[in-house]
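What the sequence shown shows, in this note's numbering, is residues 96 to 401, in sequence order.
What follows is a single structure, written as structure tokens, with notes after it.
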Amino acid sequence: MPFSRSESERHQLHTGRVRRTAEGLTERIVDLGGVVRSARVADLGFGRTAVDAALRAGTITRPRRGWLASPTADSLLLGAARHGVVLTCRTQADRLGLWVHDPSGIPHVAVGTNSASRRGLRAKVHWGAPVIQRHPDALVDPVENVLAHIAECEPFEQALATWESALNRSLVTIEELHGLPWRPAARRILATAVPFSDAGLETYLRERIRWLRVPVRAQIWIAGHRVDALIGSRLVIQIDGGHHVGAQRSEDIRHDAVLKLRGYHVIRVSYAQMMFDWPMVQDLIMRAVAQGLHEAESSRKRVALR
């Protein structure tokens, strides 16, 4: 006699299969970033039964027709899906870990190809054709588009710092950027950008003293450690951030002493001084350069003998 399951057994088996599939769906959505197209999960083999079960169980949500999300999804991604926009400019730059002068405030978004109603959207909306075409399912802009909007949206110095941060982190290369059709503001930044600045303050420093017409190099190794900037061949500029305390501070003091013993002149300033008391910092650098402290001792002696 062929084996036959009871109605109750068949129901339990069906329920367990659906539950496992629904749980698998939630995990997959999390793996995919937390917010995905319904069509994407269908392509991965999750049917409507699994989706409906997960929705009923509250393990996923539907922010907008055609989209699914995990309960722990990033609120910015949820908002982008809900309104049919992509995160861009300083909002996405901050998410990428790039230097951004001020990431606070309302999100910056770009209008996507599948824009829904923007009613209730509290955001700075960027328009215009993207440098890199966006995938219809994308909720975040490619880094090249992010940089393009940064160039148009932020002051030159601040935009340059973000571009150099992207270069420093190898998210883009100078060669790749030169091959793209930039607008004038971005072309101006590209003509100046270098990949050596580890933080935005180093970019600010280089740009603010460019008029002195002395060589400035960022992140140079001297005596076993990087220095933030080297002006000429002997003037070292060190910029302290919030982490320069305790053991780090002691190591900085030791390194400054080693640099001085090797003939370097060290000017150490704080983040607050760079950002809010630049005239004082500039005055220190100007006076040091005027005294020839950026040059080797032999060069200063030759100048004095003329």
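Beta carbons are placed, not taken as given, at the ideal position from N, Cα and C, and that holds for glycine.
Taking M370 as the reference, give the member of S165, T287, V235, E252 with the closest Cα.
-> Considering only S165, T287, V235, E252, the residue with the shortest C-alpha distance to M370 is E252.
Which one or two residues does DSSP pair with W162 in a beta bridge?
-> DSSP, once it has assigned bridges, lists R132 as partnering W162.
Start-end ranges of the alpha helix (DSSP H) lying completely within the region 187-274, minimum 4 residues = Correct list: 238-248, 251-263, 269-273.
Length of the line joining the Cα atoms of V402 and N263 | There is simply no residue 402 to check, as the chain begins at 96 and stops at 401 in what is shown.
From K163 to R123, what distance separates their C-alpha atoms?
-> The residue you asked about is not Lys; residue 163 is Leu in the sequence shown. One C-alpha to the other measures close to 11 angstroms.
Between the region 215-235 and the region 171-184, do three or more beta carbon pairs fall short of 8 angstroms?
-> Three or more pairs of CB atoms, one per stretch, sit closer than 8 angstroms, so the region 215-235 contacts the region 171-184.
Taking only beta-carbon atoms, is G327 less than 8 angstroms away from chain C?
-> As a matter of chain content, chain C is missing from the structure shown, which is built from one protein chain.
Residue nearest to A218 in terms of C-alpha spacing, selected from A243, N240, A254, A175 | Here the closest residue by C-alpha is A175.
Count the other CB atoms within 10 Å of the CB of L139; is the residue buried (16 or more) or exposed (fewer)?
-> Exposed is the call here.
Compute the distance between the beta-carbons of Q377 and R329, then report whether it is under 8 angstroms.
-> For the 8 angstroms CB-CB criterion, Q377 and R329 do not form a contact.
For T156, three-class secondary structure by DSSP = Looking at T156 - three-state DSSP - the assignment turns out to be strand.
Pairwise C-alpha distance: P166 and R112 | Summary for R112: the model assigns pLDDT 45, below 50, so the residue's position carries little reliability, and this model does not support an answer.
6 angstroms CB neighbourhood of R312 in its chain, flanking five on each side removed | Shown here for R312: same chain residues with a beta carbon closer than 6 angstroms to its own, the five before and five after excluded, namely L325 in chain order.
Could you check which residue in W258, R278, L172, H320 has the C-alpha nearest to that of Y299?
-> Of the candidates W258, R278, L172, H320, the one whose C-alpha sits nearest the C-alpha of Y299 is W258.
Cβ of R245 within 8 angstroms of Cβ of R185?
-> Here residue 245 turns out to be Ile, not Arg, going by the sequence shown. Yes, the Cβ-Cβ distance between I245 and R185 is below 8 angstroms.
Specify the secondary structure class of L60 as computed by DSSP and reduced to three states.
-> Only positions 96 to 401 of the chain appear in this structure, which leaves residue 60 out of reach.
Keeping to the same chain, check which residues put their C-beta closer than 8 angstroms to that of V131; ignore five residues upstream and five downstream.
-> Hits under 8 angstroms: I124, W162, L163, A164, D232.
How would you call L356, buried or exposed, if buried means at least 16 neighbouring beta carbons within 10 angstroms?
-> Using a 10 angstroms sphere on the CB of L356, the tally of other CB atoms stays under 16, which defines it as exposed.
Cβ neighbours of L354 in the same chain (closer than 7 angstroms, five flanking residues each side left out) | Excluding sequence neighbours, L354 sits near I317, A318, V331, V361.
Going by CA-CA distance only, name the one from A385, V206, L216 that's closest to Q228.
-> It is V206.
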